[in-house]
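Heads up: the sequence shown begins at 149 in our numbering, then just goes up one per residue. Glycine included, every Cβ here is placed at the ideal spot set by N, Cα and C. Reviewing the structure listed below.
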Amino acid sequence: MAEPHDELLSGDLPVAPAQFEDEQAPSVSHDVIASYVADAARGVHGIVELHSSPWKGFSSRVRETHSGGVAIKEPQPGVVDVGIHVKVGWGSLIPELAGQVEHAVRRQVTALLNIDLGSVTLFVDEIAGPVEVGSPQEG
């Protein structure tokens, strides 16, 4: 026999969802956003690696970071601007690559997080050189 207490826990919300409309969405850490942005950018063909500053490299030795090369700024509440520093592959068409990265980042971040993306800017810090056929590789 079901008790009244059990009926309250039957899966129905005791409060109508309309009462939560005025509630603010939870805030998301810039590190979390940067992690999703980094994953999306790495998935684009032509991106060799994300290029972080030497200071970020030093801090990653102290603390594991997965989002080096991504800068997050919040110019106004609820809007996030993204800067991505990358090393691209030889022969990549940079304007086309920038569009692909922006599309991938917007698709992934807006699908996973409830935030508004402002600008998505790709900074090409380095271009990987071509590997010459028949030449010995250093290393």
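From the options, residue whose alpha carbon lies closest to that of residue i
i	options	result
G216	E222, W238, E197 and Q224	E197
L270	G194, P223 and P278	G194
A188	G277, D264, D229 and V218	V218
A252	I181, R190 and G239	R190
S175	I232, S200, E222 and H199	E222
Presumed contact (8 Å Cβ cut-off) between residue i and residue j, rounded CB distance
i	j	result
E250	V268	4 Å
I181	V257	7 Å
Close Cβ partners of residue i (< 8 Å) along its chain, the five nearest in sequence each way excluded
i	result
V236	G194, I195, V196, I242, L245, V272, E274, I275 and A276
R254	L265 and V268
S177	none
Beta-bridge partners of residue i, as assigned by DSSP
i	result
H178	DSSP output for H178 lists no bridge partner at all.
Q224	V227
A219	G231
T258	None; T258 has no bridge partner.
E274	K235
Cutoff 6 Å; reference residue i; Cβ partners in own chain excluding five residues on either side
i	result
H233	H199, G217, F271 and D273
S240	G194
Beta-carbon contacts of residue i that lie in its chain and below 7 Å, excluding the five residues immediately before and after
i	result
W238	I275, A276, G277 and P278
Q248	V192
D179	S215
At a cut of 8 Å, does the stretch 223-234 reach the stretch 259-268 through at least three beta carbon pairs?
Contact between the stretch 223-234 and the stretch 259-268 is present: 3 or more CB-CB pairs across the two stretches fall below 8 Å.
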